[in-house]
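Note that numbering that gives the first Met the number 0 gives residue 294 to position 295 of the sequence shown, counting from 1, and the numbers run on in steps of one.
See structure below.
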Amino acid sequence: MSPRLSYRNSLWRCALWIALSIFLLLFTHPAYGQDSAPDSAPEKPPAAGSPESAPKPKADAGSEISQIESAATFKVRVNLVQVRVIVRNASGKPVDNLTRQDFLLYDQSKLQTISNFSVETAETRLRRAAAVAKTQEDASAPGDASGKKGPVLPERFVALVFDDTHLSLQDATWARSQAGRFLDSTASTDRVAIYTTSGEDSLEFTSDRAALHRAILGVVPRPLTPQSLGADCPEVTHYMADQIENKHDSTAQAVAIEETVQCQFNGDESKRSQASAIVQGAVLRALSAGDIENQFTYRHLEDVLRRLSSMPGERIMLLVSPGFLLTTAYLDESGVIDRANRANVVINTLDARGLYAPDVMGDISRPSSDSFRTAGLKTMYRVSAQQENQYVLGDLAYGTGGTFFHNSNDLQGGLQLAGLAPEVSYVLAFSPQNRKMDGQYHLLRVELAKKLKYSVQARRGYYAPRKIDDPHELARQEIQEAIYSQEEINELPLDLQTQYFKNQAEGAHLSVVSRLEVKNMHFRKADGRSLDDLTLATAIFDENGNFITGGEKTVKMYLKDSTYERLTHTGLTVKSSFAVKPGRYLIRQVVRDSEGSQMAARNGAVEIPY
0 MSPRLSYRNS LWRCALWIAL SIFLLLFTHP AYGQDSAPDS APEKPPAAGS
50 PESAPKPKAD AGSEISQIES AATFKVRVNL VQVRVIVRNA SGKPVDNLTR
100 QDFLLYDQSK LQTISNFSVE TAETRLRRAA AVAKTQEDAS APGDASGKKG
150 PVLPERFVAL VFDDTHLSLQ DATWARSQAG RFLDSTASTD RVAIYTTSGE
200 DSLEFTSDRA ALHRAILGVV PRPLTPQSLG ADCPEVTHYM ADQIENKHDS
250 TAQAVAIEET VQCQFNGDES KRSQASAIVQ GAVLRALSAG DIENQFTYRH
300 LEDVLRRLSS MPGERIMLLV SPGFLLTTAY LDESGVIDRA NRANVVINTL
350 DARGLYAPDV MGDISRPSSD SFRTAGLKTM YRVSAQQENQ YVLGDLAYGT
400 GGTFFHNSND LQGGLQLAGL APEVSYVLAF SPQNRKMDGQ YHLLRVELAK
450 KLKYSVQARR GYYAPRKIDD PHELARQEIQ EAIYSQEEIN ELPLDLQTQY
500 FKNQAEGAHL SVVSRLEVKN MHFRKADGRS LDDLTLATAI FDENGNFITG
550 GEKTVKMYLK DSTYERLTHT GLTVKSSFAV KPGRYLIRQV VRDSEGSQMA
600 ARNGAVEIPY
């Protein structure tokens, strides 16, 4: 064989071997097998929320500590029940010398153990604000030698609601003037919002008193139904329409018919059947108009409660109203009370009419169609209506543990009593014993052990959470409930520091540095290591209490003995970062460990200059 032929055969064998190798590679590759199998469905991506879709932990050297970060959605839940109590003496002054032993707290008539007790005064609020301000590294404490003050952040949120749907012009004018003086008395840690039941001229929570005063000037009566300038014939009020249509009051109906005979038919008794038909139409119109106004009022009150429920601190609705008739809308009233109790909102109400004498002649700006035959009974119905109107204000206040201020012309004093922080209050907390996780409403009752002749103001109840078998879901709900409270929890020692780094003219990185003492945690031993998981939830609010951003971080610890020994001396430091704009921020962080179910909660503050 010639050398040239031998060389060609070698090339042929080499090419054949390469082709065979490529063929085997293609047919044995897993991806090729999946694509070519006709009866094999394509693999689905992991479902959202499944373990496969969860973010993978970032482990440090040795894989003893790993961290998982995720965005957080915070909701308000009830677990540890806190009850704020105000005790007043016979002259209405707060009592300031009570201790834990002076209180008896009942849940569904069963005596509970008060696990946490604190006294809140102006001094304790100042100390708390100073401690929060010091969490900003290199920040000056309030009132230090440099004269620089730390950021003043909100603690109480007061929604001042004017019932302009029912207010008269006289009551609205008086309420505006008194509310302006109330605003001048609010503290730097108070945030006030202005709302109306008509939905007009609202102002969100702010500490800007000038803006609040401007908003109050816009409060005027805004009834939904047009008010006629002349005398109505017949004159059927919402109250009388309710008595005739819903209560089947034959006397009220007879009064309206007699009035119609006199004012429309000049006393012609033969027209009484026609008068009856006219009265029926007037009754239905008056009842519909009044009920629509009330429903409109309830819907806007619910909107205010939704807004309040997202604020991080003490929440108060201050309703200034002349009252209105309940008629058949009991479910609407109970729905407002229910929503307030679920969100831990106290409703304080003020009768805008002040100390009034019954207006026997009705609205003097509108002529009356009373005749000498109906004047006496019409007066009786006017007086009854004015008395009935106040009951809804009492129900809203007493149903949420609030104050109903009425029968007094000192509206400014009433606003300050119901809207400003009391000189002394007590915070009782308990973990309900033998509580059924059924989501039902539980009645609360606070009494004084020594049966002193003091008045006690406290919330009337709470909603128990529903039973949750998943411990992870239970832990999540406990954290979510604590996020929107400003109460500190000290089951785990936690130090909080805030830092910021400006990266551009309009932005910054906010760092929240948390240091926990490991030696007080409950670890589980397995495979010669100490195991525990920490969940850190962080929420960032602006200076008016609006939620800006937040996140959750899970720290999984799988510690060798040497690492555990080191961390018991140095503590565990965890850092969370958030992108924010310059401004003042309130930081709320809640930490919970899985093994001991212990919690810590801290407040921090940072001011990032523009």
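Ideal Cβ placement from N, Cα and C applies to all residues, glycine included.
All values derive from a computational prediction rather than experimental measurement.
Which of helix, strand or coil DSSP assigns to residue i
i, result
"Gly-603", "strand"
"Tyr-238", "helix"
"Phe-102", "strand"
"Leu-447", "strand"
"Tyr-440", "strand"
"Leu-533", "strand"
"Val-131", "helix"
"Leu-97", "coil"
"Arg-459", "coil"
"Ile-539", "strand"
"Asp-163", "coil"
"Leu-110", "strand"
"Asn-347", "strand"
"Asp-592", "strand"
"Leu-508", "It should be noted that the sequence gives His, not Leu, for residue 508. Strand at His-508."
"Leu-223", "coil"
"Tyr-609", "coil"
"Gln-498", "strand"
"Phe-403", "strand"
Residue nearest to residue i in terms of C-alpha spacing, selected from the options
i, options, result
"Leu-159", "Ala-128, Trp-173, Val-151, Val-191", "Val-191"
"Gly-582", "Ala-604, Ile-243, Leu-416", "Ala-604"
"Arg-459", "Asp-337, His-471, Ala-538, Gly-506", "Asp-337"
"Ala-351", "Ser-309, Val-131, Phe-404, Glu-387", "Phe-404"
"Val-131", "Ser-114, Thr-120, Leu-152", "Leu-152"
"Glu-203", "Asn-340, Glu-244, Phe-295, Val-157", "Val-157"
"Gly-544", "Ser-309, Ala-525, Glu-594, Ser-333", "Ser-309"
"Gly-413", "Val-254, Thr-236, Ser-430, Gln-177", "Gln-177"
"Thr-296", "Val-282, Pro-321, Gln-273", "Pro-321"
"His-508", "Tyr-563, Lys-449, Tyr-584", "Tyr-584"
"Pro-222", "Arg-271, Ala-274, His-165", "His-165"
"Val-445", "Asp-200, Val-86, Leu-416", "Val-86"
"Met-556", "Asp-531, Arg-565, Gly-418", "Asp-531"
"Pro-492", "Thr-567, Arg-99, Asn-519, Leu-300", "Asn-519"
"Gly-527", "Ser-561, Ala-209, Arg-381", "Ser-561"
"Leu-110", "Ser-593, Asn-388, Ala-448", "Ala-448"
"Glu-154", "Val-455, Ser-206, Ser-167", "Ser-206"
"Arg-99", "Ile-113, Tyr-105, Lys-92, Gly-91", "Ile-113"
"Phe-323", "Glu-387, Glu-301, Tyr-461", "Glu-387"
"Thr-399", "Arg-298, Ala-536, Val-345, Gln-169", "Val-345"
Residue i versus residue j: straight-line alpha-carbon distance, rounded
i, j, result
"Thr-548", "Ala-186", "26 Å"
"Met-598", "Glu-490", "5 Å"
"Ser-383", "Arg-601", "52 Å"
"Thr-497", "His-521", "27 Å"
"Thr-172", "Val-219", "8 Å"
"Leu-392", "Leu-216", "24 Å"
"Val-517", "Leu-79", "24 Å"
"Leu-182", "Pro-421", "15 Å"
"Lys-450", "Leu-395", "27 Å"
"Gly-595", "Ile-539", "27 Å"
"Ser-272", "Ser-197", "39 Å"
"Leu-125", "Leu-419", "15 Å"
"Asn-340", "Glu-268", "55 Å"
"Gly-32", "Ala-525", "The predicted position of Gly-32 is uncertain, since its pLDDT is 35 and thus under 50; no value can be drawn from it."
"Arg-613", "Gly-375", "Lying outside 0 to 609, the shown extent of the chain, residue 613 is not represented and no answer is given."
"Arg-372", "Ala-255", "11 Å"
"Asp-437", "Asp-302", "27 Å"
Close Cβ partners of residue i (< 6 Å) along its chain, the five nearest in sequence each way excluded
i, result
"Gln-534", "The question names Gln, yet the displayed sequence has Thr at residue 534. Same-chain partners within the cutoff: Thr-553, Arg-591."
"Ser-117", "Val-426"
"Tyr-609", "Pro-581"
"Ala-46", "Summary for Ala-46: the model assigns pLDDT 37, below 50, so the residue's position carries little reliability; its value from the coordinates is reported in the next sentence. Cβ neighbours of Ala-46 beyond the five flanking positions: none."
"Ala-195", "With the sequence shown as reference, residue 195 is identified as Thr, and Ala is not the correct amino acid for it. Excluding residues within five positions, the ones whose Cβ falls inside 6 Å are Phe-161, Asp-163."
"Ala-240", "Val-282, Ala-285, Leu-286"
8 Å Cβ shell around residue i - same chain, five flanking residues per side excluded
i, result
"Asp-34", "Annotation note: pLDDT 37 at Asp-34 (below 50); position unreliable, coordinate value reported separately. Counting only Cβ-Cβ distances below 8 Å, and skipping sequence neighbours, we find nothing."
"Gln-107", "His-441, Leu-442"
"Tyr-390", "Gly-322, Leu-325"
Closer than 7 Å: residue i CB and nearest the ligand HEM heavy atom
i, result
"Asn-602", "Ligands are entirely absent from the displayed structure, and the ligand HEM is therefore not among its contents."
Cβ shell of residue i (< 7 Å), same chain only, five flanking positions each side left out
i, result
"Asn-88", "Val-94, Tyr-453"
"Gln-411", "Gln-177, Arg-180, Phe-181"
"Ala-210", "Leu-202"
- Using 8 Å as the threshold, is the stretch 477-490 in touch with the stretch 566-579, meaning 3 or more CB pairs across them? No, they do not touch.
- Message: I'd like to know if the stretch 259-278 and the stretch 299-317 are in contact, where contact means that at least 3 CB-CB pairs between them fall below 8 Å.
- Response: Under the three-pair Cβ rule at 8 Å, the stretch 259-278 does not count as touching the stretch 299-317.
- Query: Counting pairs of Cβ atoms below 8 Å between the stretch 284-292 and the stretch 251-261, do you hit three or more?
  - Reply: Judged by Cβ distances under 8 Å, the stretch 284-292 makes no contact with the stretch 251-261, as fewer than three pairs qualify.
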